[in-house]
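Read the structure below first, then the notes.
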Amino acid sequence: ADSRSWLEDAEKICLEFLRYQLKISGTKSSESMRFESLLDQYLIRHPNPQEAEGWNKLRELFHHARYAGGKKEPHELQDTYRILKTCLHIQGENE
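Residue numbering for the sequence shown follows my numbering, starting at 13 and increasing by one per position.
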């Protein structure tokens, strides 16, 4: 898969997670639905330095994918996948 597409899909999943956690419906303005805005709200409500570190790494990756192209190697995407699983509280198979 194209790494940029993969990162765009990961950002969409994170957006849905943040909307759910913040109890935000689809009727809010588009500005409040931006990833950065939702993430800032989430981190204020859920202060956890370790989790914030992972979320901030994802923020940088998504920003880079949006504006600089985001081409990543498979091992970089594996690292991103691990961060994503941690931030989204996904438990299960260990890699």
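Just so it is clear, CB atoms sit at the ideal spot from N, CA and C, and this is done for glycine as well.
Per-residue DSSP class, three states only, for residue i
| i | result |
| --- | --- |
| H87 | helix |
| I102 | coil |
| P59 | coil |
| W67 | helix |
| L78 | Here residue 78 turns out to be Arg, not Leu, going by the sequence shown. Here R78 sits in helix by DSSP. |
Inter-residue CB distance, residue i and residue j (contact presumed, cutoff 8 Å)
| i | j | result |
| --- | --- | --- |
| L19 | A77 | 4 Å |
| K83 | R16 | 7 Å |
| A22 | T92 | 7 Å |
Extent of the continuous alpha helix (DSSP H) to which residue i belongs
| i | result |
| --- | --- |
| K24 | 15-34 |
Inspect the CB distances between the segment 43-55 and the segment 20-31 and report whether three or more fall short of 8 Å. yes
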